[in-house]
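Using the numbering used here, the letters of the sequence shown correspond one by one to residues 92 to 398. Note that CB positions come from ideal geometry on N, CA and C, so glycine has one too. Quick caveat, the model's predicted, so the values are computed rather than measured.
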Amino acid sequence: MILCCGEALIDMLPRQLPEGENVLLPAAGGAVFNTAVALGRLGVQSGFFSGLSTDMFGRQLEDALKHSGVDTAFCVRTDRPTTLAFVELNDGHARYTFYDENTAGRMLTPDALPDLDERVEALHFGAISLISEPSGSSYEALLAREADRRVISLDPNIRANFISDPDAHRSRMRRMIAGSDIVKVSDEDLAWLEPEKDAQTVKQEWIEGGVSIVVETRGAQGASATTGSGSVQVQAKQVTVVDTVGAGDSFDAGLLAGLKNVGRLDKSALRTIARDELQTALELAASVAAVTVSRAGANPPWKDELG
Numbered sequence: 092m093i094l095c096c097g098e099a100l101i102d103m104l105p106r107q108l109p110e111g112e113n114v115l116l117p118a119a120g121g122a123v124f125n126t127a128v129a130l131g132r133l134g135v136q137s138g139f140f141s142g143l144s145t146d147m148f149g150r151q152l153e154d155a156l157k158h159s160g161v162d163t164a165f166c167v168r169t170d171r172p173t174t175l176a177f178v179e180l181n182d183g184h185a186r187y188t189f190y191d192e193n194t195a196g197r198m199l200t201p202d203a204l205p206d207l208d209e210r211v212e213a214l215h216f217g218a219i220s221l222i223s224e225p226s227g228s229s230y231e232a233l234l235a236r237e238a239d240r241r242v243i244s245l246d247p248n249i250r251a252n253f254i255s256d257p258d259a260h261r262s263r264m265r266r267m268i269a270g271s272d273i274v275k276v277s278d279e280d281l282a283w284l285e286p287e288k289d290a291q292t293v294k295q296e297w298i299e300g301g302v303s304i305v306v307e308t309r310g311a312q313g314a315s316a317t318t319g320s321g322s323v324q325v326q327a328k329q330v331t332v333v334d335t336v337g338a339g340d341s342f343d344a345g346l347l348a349g350l351k352n353v354g355r356l357d358k359s360a361l362r363t364i365a366r367d368e369l370q371t372a373l374e375l376a377a378s379v380a381a382v383t384v385s386r387a388g389a390n391p392p393w394k395d396e397l398g
């Protein structure tokens with residue numbers, strides 16, 4: 092099982108009624124939530140760990156997870172409210188405003204960390220769940236606790252307008268990167284995390300620090316994966332982009348699914364992954380993301396949609 096650890100929230104998506112009135116559609120979302128859903132739809136055994144509310148939105152989130160085959164047994168249920176993210180779309184690109192005070196996800200504490208059994212082979216972390224307290228410290232503690240015995244995947248997925256203390260968040264990301272096997276960043280994430288250094292230098296430092304694979308995505312320009320023995324590239328698939336909501340999250344799922352498919356979702360196996368195996372995983376990640384951006388909202392493909 093790949094256990095996705097992070098936020099679940101409701102995206103309030105802008106829509107227009109047939110009469111022309113602007114409305115907001117509540118859609119299940121959250122970066123790590125989206126990755127769990129995408130993994131489930133790809134046929135990979137996946138689970139989700141977060142604080143989930145017992146309110147109507149929390150039930151909507153749990154129903155969406157179960158519909159995609161995601162195990163919710165690790166979730167912590169509370170009567171705190173669900174986080175809301177109001178989405179603005181500008182030429183298909185999403186900007187977010189979060190309402191996250193005292194929510195079920197944000198108030199996840201270290202004493203609520205799950206006991207994991209042998210079913211869990213990998214953990215995936217990322218995004219806004221790593222910013223706020225106490226959830227940020229809780230997820231960081233879980234990563235540190237499990238880093239020596241399970242594959243760790245991290246997507247920082249920076250939301251700069253939500254980060255009140257950039258220096259503290261950069262420090263947390265550096266600590267978590269040091270404990271990770273797979274790090275996926277966008278070119279914008281990379282520039283924010285290490286503004287004083289060029290991208291290639293940063294990726295090389297991460298590899299030398301113990302990361303097995305660093306993936307950098309560049310939107311329409313495709314993506315690259317760097318290991319200690321070199322790098323491979325993949326072109327972005329040519330599709331009509333409806334919006335980019337959930338694109339990076341779907342890419343994460345495709346990458347993890349691809350690595351599992353080639354038998355490399357193992358700490359030692361990742362260090363010796365062959366170029367063709369890495370290329371195969373990267374191609375799947377690009378294909379999954381392409382389907383997601385071709386339709387509205389974070390709606391990743393099912394396995395049989397990929398051909």
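7 Å Cβ shell around Gly270 - same chain, five flanking residues per side excluded: Reading the sequence shown from its first residue, position 179 is the one you call residue 270. Contacts found: Leu234, Ala235, Ala238 and Ile243.
Three-pair Cβ contact test at 8 Å for the segment 331-347 versus the segment 284-298: By the C-beta criterion, the segment 331-347 is judged not to be in contact with the segment 284-298, since fewer than 3 inter-stretch pairs fall below 8 Å.
Proximity to Thr194 [Cα-Cα], best of Ser255, Val123, Leu100 and Pro201: Along the sequence shown, one-based indexing puts residue 194 at 103. Ranking the options by Cα distance to Thr194, first place goes to Leu100.
Closer than 7 Å: Phe189 CB and nearest the ligand ADP heavy atom: The ligand ADP is absent from the structure shown, which contains no ligand whatsoever.
Pairwise C-alpha distance: Val302 and Tyr187: Taking the first residue of the sequence shown as position 1, residue 187 is located at position 96. Taking the first residue of the sequence shown as position 1, residue 302 is located at position 211. Taking the straight line from one Cα to the other gives about 30 Å.
Among Asn181, Tyr230, His215 and Ala327, the one whose alpha carbon lies nearest that of Arg197: To locate residue 197, count along the sequence shown from 1; it is residue 106. Cα-wise, what sits closest to Arg197 is Tyr230.
Contact check, Gly134 vs Glu98, beta carbons under 8 Å: Working through the sequence shown from its first residue, we reach residue 134 at position 43. Working through the sequence shown from its first residue, we reach residue 98 at position 7. Not a contact, by the Cβ cut-off of 8 Å.
Nearest candidate by alpha-carbon position, reference Arg266, set Ser228, Lys288 and Arg240: The sequence position of residue 266 within the sequence shown is 175, counting from 1. The shortest C-alpha separation from Arg266 is found at Ser228.
Endpoints, the alpha helix (DSSP H) within which Ser229 is located: Within the sequence shown, numbered from 1, the residue matching residue 229 stands at position 138. Start and end: Ser226 to Glu237.
Supposed close pair Arg168, Leu143 - CB separation, criterion 8 Å: Numbered from 1 along the sequence shown, position 77 holds the residue referred to as residue 168. Numbered from 1 along the sequence shown, position 52 holds the residue referred to as residue 143. Right, their Cβ atoms sit about 5 Å apart.
Runs of beta strand (DSSP E) lying entirely within the segment 151-189, each at least 3 residues, in chain order: 167-169 and 175-181, all fully within the segment 151-189.
Complete runs of the alpha helix (DSSP H) confined to the segment 284-338 [at least 4 residues]: Whole alpha helix (DSSP H) segments, 4+ residues: 290-299.
Glu179 versus Ala360: straight-line alpha-carbon distance, rounded: Here residue 179 is taken as the residue at index 88 of the sequence shown, counted from 1. Here residue 360 is taken as the residue at index 269 of the sequence shown, counted from 1. Near 41 Å, if we compare the C-alpha coordinates of Ala360 and Glu179.
Which listed residue (Lys157, Thr145 and Leu115) has its alpha carbon closest to that of Arg132: Along the sequence shown, one-based indexing puts residue 132 at 41. Among Lys157, Thr145 and Leu115, the Cα nearest to that of Arg132 is on Lys157.
Same chain only: Cβ atoms within 7 Å of Ser223, ignoring 5 sequence neighbours per side: For this step, residue 223 is matched to residue 132 along the sequence shown. Asp191 and Arg197, listed in sequence order.
CA nearest to the CA of Pro172, picked from Ser159, Asp146, Gln151 and Glu285: The residue labelled residue 172 in the question sits at position 81 within the sequence shown. Residue Asp146 is the option with its Cα nearest to Pro172.
Buried or exposed (CB count within 10 angstroms, at least 16 for buried), Ser378: By 1-based counting over the sequence shown, the position of residue 378 is 287. Counting other Cβ atoms within 10 Å of its Cβ, Ser378 reaches 16 or more and is therefore classed as buried.
Option in Glu153, Leu175 and Asp272 with minimal Cα separation from Phe165: Taking the sequence shown and counting its residues from 1, the one referred to as residue 165 is at position 74. Phe165 has its Cα closest to that of Glu153, out of Glu153, Leu175 and Asp272.
Under 8 Å between C-beta atoms of Ala381 and Val330: Taking the first residue of the sequence shown as 1, we reach residue 381 at position 290. Taking the first residue of the sequence shown as 1, we reach residue 330 at position 239. Note that the C-beta distance between Ala381 and Val330 is below 8 Å.
Contacting residues, own chain, Cβ-Cβ under 6 Å from Ser159 (five flanking each side not counted): For the purposes of this step, residue 159 is taken as the residue at position 68 of the sequence shown. Within the same chain, Ser159 has close Cβ partners Val128, Gly131 and Arg132.
Per DSSP, cross-strand counterpart(s) of Val242: Residue 242 sits at position 151 when you count from the first residue of the sequence shown. Ala213.
Neighbour-count burial assignment, Asn248, 16 or more Cβ in a 10 Å radius: What you label residue 248 is simply residue 157 of the sequence shown in a count that begins at 1. Flag for Asn248 reads buried.
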